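Working notes, beginning with the structure itself.
2 protein chains.
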Amino acid sequence: MIKNITGNIDFCEHLRGKNATFMLALSNTNTAKIEGITQAGIPGLIHLTPTLDSEFLCTGEVRSLDNIAETPKGVPTPALITRAIHLLHPYNNIGLLNLGLEVTPQLQYFTTYNFDINPSGSIDTGASIDAQTIFQKALEFGQNYETSNEYIILGESVPSGTTTATATALALGYDCKNMFSSSFKNVPNSIRETTINKALENINKEDDIFTILNQVSDNMLIFTAGFILGLNNKIPLVLAGGTQMACSLLIVNKILEEMGGEFETSNLSLTTTKWVANDTNSDIKAILEMLSFPINSYYVDFDFALSTHPALKLYDEGEAKEGVGAGGALFYGVLNGLNKQQITTKVEEFLP
Amino acid sequence: MIKNITGNIDFCEHLRGKNATFMLALSNTNTAKIEGITQAGIPGLIHLTPTLDSEFLCTGEVRSLDNIAETPKGVPTPALITRAIHLLHPYNNIGLLNLGLEVTPQLQYFTTYNFDINPSGSIDTGASIDAQTIFQKALEFGQNYETSNEYIILGESVPSGTTTATATALALGYDCKNMFSSSFKNVPNSIRETTINKALENINKEDDIFTILNQVSDNMLIFTAGFILGLNNKIPLVLAGGTQMACSLLIVNKILEEMGGEFETSNLSLTTTKWVANDTNSDIKAILEMLSFPINSYYVDFDFALSTHPALKLYDEGEAKEGVGAGGALFYGVLNGLNKQQITTKVEEFLP
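Given below as C-alpha cells:
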C-alpha cells in the first residue's frame, strides 16, 4: 500500500511499527490573500486555515471558527485524514511549529514551538522575509532537537504554499515550471502565473540564495530546509507533503551546492498522497530527481474509492490532494497496521 | 468517545498515543464486613476482592479463589474491563500498592509496593487508622516516584469504599449527602446510612483532619491524597475512579485549605465510567465542583450496548458501575485507538 517514488522501500519498511512525533509547521503568507489563488480554506478567512487545522488535529474541535475549514467547492481539509489516523493509531507526540501565524491556535497542553516569526508578505510585492534569521533559528532547533520517539513526521499547513513553492524553485534557478502541484483540480493558472511572474521580476541575477528567499518564498519552506540541515540525519525524518516539501529539499540542495561539503541523507525522506503522486498537472518525481543527493520518497496508495461521500469523492477527482501532513499520516497509519476501510470509515465520521 | 465532566478536553487529548503505568491501590476495611453493605465480591469472601482483582488484572487468573469475584446478582468485577484493555493495548507497567490487604496476591514479577499498613477497622466503631502515618508514607512515595512512562493511571479496589468515602466527605464538612455512588443499583440505604451515621457520631467538632480520617476513612482515600500531594504535578496523573477518587480530592482540598499555599493541578485529572457519570443516585460533577482548585475530569462513553450477555447488561442497568480503574482503563484504551466493539468482544471472552 506504500509505493516508491524515488529510492527504495527499505527506509519505509524499517519504520514499520515504530512510534513517531507528528510535527506540524504552520504559517501564513499574504500571498494567500490574492483572490482566487488558493482553495485551502474559507474565502475571506483563508488565513485561519493553519490555526483551524492544528486545533482540529489536536482536539477534534475547530475553536477559532464555527465550522471546519472547507474549500469553496466543499472539499474538506486534509486534516480530517491526519486526525483520523491519530484516532486510530495515535502519534506518540504532536508538536506545533508556529512559523508566523496570524491567529494563535486555542490549545492547552500541546507543545507549541514559537520562533518569534511574523507572517510573510505577498510574493507579488516582495515577501519581506528575513530568510537568514529563520534559517538560523531552524538550524539551531534541528541541532538541539531531541525526542524519545523513533522518527519524525513533518507536515505543513500554509495556504497558497504551492504558489510560493513554485516561485521559490523557479527563482532558485530550477527548471520546473509545470512540476508544481496546486490544491485546485483546475488550476487557476492566470492568477497563479501572474503572481509567480511578478514575484520573479523582483529577483536580480546577482541575488544570493537568502536574498532570493526573502522575496519569493514563505517561512515554512525556509524553516524546513534549516531544520533538515540542523537535524543532520540524526533522527529519521519523513517530510509529509507534496511539492512544497519537495521545494524545501530544493532549497537544501541549493545551499549544499553553494556551501559545498558532504551531507548524509539516509534518514531523510518524503511521503505524499496518491493524489499528488498521480497528479497530471504536476510532477513531484521530476522535482525530486533534480536533487543531487539520494532521497527515499513514497506515496500511499490510498483514495476514497470505498466512500460514497460527495465531499470525499472530490479528493479522488483531484481537488485538495495533500496538506496537514496527510500523506505522512497515511504512511504512519499503514505502517502501524491500519487499512483503507478503517481509515475511510473514521474520516467519514467527521462529516455530516 | 471521551467526554468532559469538568475542565476541558486538552489534557485528555495530549495523552493520546502516550504510554502509561497502571497503578492499583488495594486495601481492606472491615466496614465491608457489615452484612449487605457492598456487592463488590462474593458474600463471606468480600475481603478477597482486591486480592483477586489484582491477580486477574496481572495474570488473567484468580489464584486465591476458584472463581472470579462476582456480586450476588452475578455482576462480574470491573477488573474484566481493566484486564481486557491490558490485553488489547497493554499498559506499559502495572504497579500494585498494598495499602492493607488481608490476603496478599499470589504474584511473581509484578511490582508490588508494600507500605506496612494494616487493613482498617469498620467505620461504625471507629476505623482505627493512623492517617498521619499513611499520609506521610504516601507523600514520600509520591515525592520519590519516578517512571519512564508518560503518565500514571491510578485505580483502586476497596470493597465498601463508597461508604467510607461518603462518611469521609461528610465528616470533613462537605455538604454532599446524596452525591456519592454505590456498587448497587438500588442502594441499601438503611444499612449504608446507619453505618455512616454511626461513623459520624464518632467525630468531635474540634477534631483536626487527620483525627477525623483516623475514624471514618479508609487507607486508600488517605494514601491517594498523600500521593497526589507528593507527586506535586510532576507527572500527569489520571485518578481512575468515581466518587471514591473524588473523595481523595476532597481530602487534598481540605489539607490545602488548612495548610494554605499554592498547589498546581494542571497534570491532575479524574476519569470514570459512563455508569458513574450518568448515575442518578450520585453526582460526581457536584463533588468535583466543590474543589477550590481546577480539575480536568472525564468519563468514557462506553457501555455494553453491543453485548447481549446478561452479566454485562447489569452494568448498563446500574450495577457495579466502576472499580479497579475501569474508567481510566477505558480512557487509556480509547486514547490508543481501541473501539467499543473490540473492548466488548474482549470482555465477553472472559465470561462463560
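Chains as they are written, first to last, in the working numbering: chain A, 54 to 405; chain B, 54 to 405.
Glycine is no exception: its CB is placed at the ideal position from the N, C-alpha and C atoms.
Please read these numbers as outputs of a predicted model, since none were measured by experiment.
Local conformation of residue i per DSSP, three classes
{"i": "A:I147", "result": "strand"}
{"i": "B:K190", "result": "helix"}
{"i": "B:E259", "result": "coil"}
{"i": "B:S350", "result": "strand"}
{"i": "A:M298", "result": "helix"}
{"i": "B:V291", "result": "strand"}
{"i": "A:G386", "result": "helix"}
{"i": "B:G283", "result": "helix"}
{"i": "B:K393", "result": "helix"}
{"i": "B:Y166", "result": "strand"}
{"i": "A:P212", "result": "coil"}
{"i": "A:K374", "result": "coil"}
{"i": "B:L207", "result": "strand"}
{"i": "A:I58", "result": "strand"}
{"i": "B:L323", "result": "strand"}
{"i": "A:P363", "result": "helix"}
Neighbouring residues, chain A, relative to residue i (Cβ below 9 Å)
{"i": "B:H139", "result": "Chain A residues near B:H139: none, gap ~18 Å exceeds 9 Å."}
{"i": "B:N61", "result": "T112, Q161"}
{"i": "B:F64", "result": "Q161, Y162"}
Spatial distance of residue i from residue j (CA atoms)
{"i": "B:E88", "j": "B:G174", "result": "15 Å"}
{"i": "B:L309", "j": "A:G376", "result": "48 Å"}
{"i": "A:G113", "j": "A:A191", "result": "29 Å"}
{"i": "B:A330", "j": "A:M343", "result": "59 Å"}
{"i": "A:I99", "j": "B:P131", "result": "49 Å"}
{"i": "A:N257", "j": "A:T84", "result": "20 Å"}
{"i": "B:N167", "j": "B:L150", "result": "6 Å"}
{"i": "A:I90", "j": "A:A382", "result": "26 Å"}
{"i": "A:I275", "j": "A:M312", "result": "16 Å"}
{"i": "B:N413", "j": "B:F346", "result": "Only positions 54 to 405 of chain B appear in this structure, which leaves residue 413 of chain B out of reach."}
{"i": "B:L321", "j": "A:G226", "result": "55 Å"}
{"i": "B:I348", "j": "B:M76", "result": "20 Å"}
{"i": "A:Q395", "j": "A:L404", "result": "15 Å"}
{"i": "A:S270", "j": "A:T221", "result": "5 Å"}
{"i": "A:Q161", "j": "A:I138", "result": "21 Å"}
{"i": "A:T178", "j": "A:Q268", "result": "8 Å"}
{"i": "A:V353", "j": "A:N392", "result": "11 Å"}
{"i": "B:M273", "j": "B:G208", "result": "10 Å"}
{"i": "B:K71", "j": "A:S80", "result": "27 Å"}
{"i": "A:F263", "j": "A:A78", "result": "20 Å"}
{"i": "B:N389", "j": "A:L68", "result": "19 Å"}
{"i": "B:L110", "j": "A:L367", "result": "48 Å"}
{"i": "B:Q159", "j": "A:K399", "result": "42 Å"}
{"i": "A:D369", "j": "A:A299", "result": "22 Å"}
{"i": "A:T361", "j": "A:W328", "result": "17 Å"}
{"i": "B:K287", "j": "B:T324", "result": "19 Å"}
{"i": "A:K338", "j": "A:F355", "result": "18 Å"}
{"i": "A:I249", "j": "A:T219", "result": "8 Å"}
{"i": "A:K56", "j": "B:T215", "result": "56 Å"}
{"i": "B:F316", "j": "B:L284", "result": "11 Å"}
{"i": "B:C229", "j": "B:D332", "result": "15 Å"}
{"i": "A:P212", "j": "B:M54", "result": "31 Å"}
Interface partners of residue i on chain A, CB under 7 Å
{"i": "B:R116", "result": "Those within 7 Å of B:R116 in chain A number zero; the least Cβ separation is about 34 Å."}
{"i": "B:H71", "result": "Looking at the sequence provided, one finds Lys at residue 71 of chain B rather than His. Neighbours of B:K71 on chain A, chain order: N145."}
{"i": "B:H67", "result": "Y162, F163"}
CB contact below 8 Å: residue i versus chain E
{"i": "A:K338", "result": "Absent here is chain E; the protein component of the structure consists of chains A and B."}
Any non-hydrogen atom of the ligand HEM within 7 Å of residue i CB
{"i": "A:C229", "result": "No copy of the ligand HEM occurs in the structure displayed, which carries no ligand at all."}
*asked:* Closer than 9 Å between beta carbons: that is the criterion. Which residues of the segment 342–367 of chain A meet it against chain B?
replied: none
Q. Listed from N- to C-terminal order along the chain, which residues in the segment 378–405 of chain B have their beta-carbon within a distance smaller than 8 Å of any beta-carbon of chain A?
A. L388, N389, G390
- [ ] Just list the alpha helix (DSSP H) runs in the segment 71–118 of chain A, keeping only unbroken ones of 4 residues or longer that don't cross its boundaries, in chain order.
- [x] 102–112
Members of the segment 136–164 of chain A near chain B, C-beta cut-off 7 Å: H139, L140, L141, H142, P143, Y144, N145, L160, Q161, Y162, F163
Any chance you could list the alpha helix (DSSP H) runs of at least 4 consecutive residues sitting entirely within the segment 215–257 of chain A, in chain order?
242–254
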